[in-house]
Structures are given as C-alpha cells and as structure tokens.
Amino acid sequence: MIKLTKREKILVIVLIVVIFFAAYYQFVFRKQISKIKDLQQIRQNNQLQINKQANNKILIKKLQSDLNNKNTKIRNNTEKFFPSITQEKIILILNEAIIDSDIGVQSMSFSQPNIEKLSKEKSLEKNKDRSESYIKSIIDEYKSQSNGNSDVKNGNEPKENSQTKEELQLNAEKMTVNISYKASYESVIEFIHIIKSYKNTIVISNISMNSNGDKMVENETDKYEVSGNITLELYAIPKLLEENGDYEEWENSGIYGKNNPFKEE
C-alpha cells in the first residue's frame, strides 16, 4: 500500500472535491439551469398572452362602443320610417285618420312599392317642414279666396339652403297614396294634422283643394264643403334592431274602422 504524504492527501481531497463539483455542475446544475430558462420562457410567453388578452378586452370594449354608437345613429336616422310597407296595414292607418278627421274619401289609389334613394336632406325635420308649409299655404290661400269656385294647388317644395352638408344615402321602399276627398275644410285640416303627427313619417307631397261654395250645416255651425286630392308618400327602411314590433307582429283579425270607408254614415 502506497503511503501518501500529508501534502498528497490534501491534493487528493482537493481533486475529489473538484471532481464532485464538476460532476454536480455537469449532471445536476446545468439541468437545473436549463429548466429555469425553460420556465422563464414559459413565464414570458404567458405574460405575453395575458397582455394580449388585456389588449383584446380593451379592443372589444372599443368595438362594442363603436357598434353601439353606429346602432344609435342608424336608429335615430330610421326610427321615424316604417319598418316595411304592407298595403293592408297602410289602409288601416289611413282609415283611422279618415274616421278621426271625418273627411269624406271618394277614392284611394296605391302605387306599387319601389326602391328610392333617400338623402339626409329627406330627414324627418325636412318632412315636417314640408307638411307645415303645405298646411300654412292652404290656410293662407283658402282664406284669401272670395266667394265662388276657387282652386288651390301646392306642389312646390321649400327652397333648400345652398350650403348643404354631405348627404347620407339610404335605400328606402316607397309607396305613393292618392286620395280624392270631399268634405268640410275643417275636416281636411284635421286630417292633415293627424297625418303629420303620426309616429311614422308620412309625407304630404301634394294637395289640391277646390271650394264648392256649398255650406254643410252641422250642429248649427256653417261648414263650407271643399274637394280635391291629397298625395301621400310613405317610406320604409328595414330595422337592424327589434323596433316597431307592434307593426311587424300585426295580425289581420277582427273588425277595424268602417266596413266601407267611402260610405258616408
């Protein structure tokens, strides 16, 4: 057996320690470092996913807000139009106005619905101004007439401001209704007011009125008989949201209004 000196024993111990640490570094520590790096990479990827999810939530909120704003704009621009045009429903609407105003309708004709481009200039405010212009013109003209036959016609639209803004184009379904009437002047005015105040826009595009010079005695009140024609325009734009449910879900059942709207009762 070889006898080692004290110096050699120390060197052997140092060598064993070095070998031990070298083996530990090679087979244990390096693997731990590799695992730590993998975990750090996973942590970084997870953090990126978290940040991406947070950004997506912010983007979704922004898109939802934009969508709500657009829906509001669409609703504001279309809420006063009919959701669809069904002749049977339009007849019932007009029949109610005829009954309430007590206007005598001689005939009523409907055009076939067609598609027409509407601009922002044909908004509710303009339609309201047009109706008010017609009414004011009729009243002024009628009051200025002397005794005897007279003819009042209004087919001109109000002049528009030359400085117009960019127009918003909408495709709308349009139906024209021509009504021939014979009634008191007050009944005609009342009919116009009812049409103008209806929840959906009905444009009075033309009115003609002839004074017959005949008096209609009713409850000891003199009412002068007039006759003429009224042209109505109805516009429909399909709704994106659930609106006008009562109109869409209407069912044709029961008896409504007069059995014959042209018959004087």
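Each step along the sequence shown adds one to the number in full-length UniProt numbering, with nothing skipped, and position 38 is 38.
Glycine included, each C-beta is placed from N, C-alpha and C at the ideal position.
For the 8 Å CB-CB criterion, tyrosine 235 and phenylalanine 81 form a contact. As DSSP reads the structure, serine 65 sits in no beta bridge.
One thing to note: asparagine 210 has its Cβ within 8 Å of the Cβ of valine 226.
Taken in chain order, the whole beta strand (DSSP E) runs of length 3 or more contained in the region 180 to 219 are 202 to 218. Ranked by how close their Cα comes to the Cα of serine 197, the residues Ile179, Ile237, Asp100 and Ser84 have Asp100 in first place.
Beta-bridge analysis with DSSP links glutamate 79 to no other residue. Shown here, leucine 4 sits in coil according to DSSP, grouped into three states, outside any helix or strand.
In the three-state reduction of the DSSP assignment, threonine 72 falls in the helix class, which pools H, G and I. Isoleucine 202 is positioned such that its CB atom lies no closer than 8 Å to that of valine 105.
Judged by DSSP secondary structure, serine 109 falls within the beta strand (DSSP E) whose first and last residues are 105 to 110.
In the three-state DSSP reduction, isoleucine 230 falls in the strand class (E or B). For isoleucine 115 and isoleucine 58, the gap between their C-alpha atoms comes out near 40 Å. When DSSP states are grouped into helix, strand and coil, lysine 57 belongs to the helix group. In this structure, isoleucine 195 lies near isoleucine 204, with their beta-carbon atoms less than 8 Å apart. As the crow flies, the alpha-carbon of glutamine 41 is around 42 Å from that of valine 12. Remark: C-beta atoms of valine 177 and leucine 94 approach each other more closely than 8 Å. Approximately 5 Å separates the beta-carbon atoms of tyrosine 181 and isoleucine 103; this is inside 8 Å, confirming the contact. Per DSSP, the continuous alpha helix (DSSP H) segment holding serine 101 begins and ends at 87 to 101. Taking the C-beta atoms as reference points, glutamate 79 is found no nearer than 8 Å to lysine 174.
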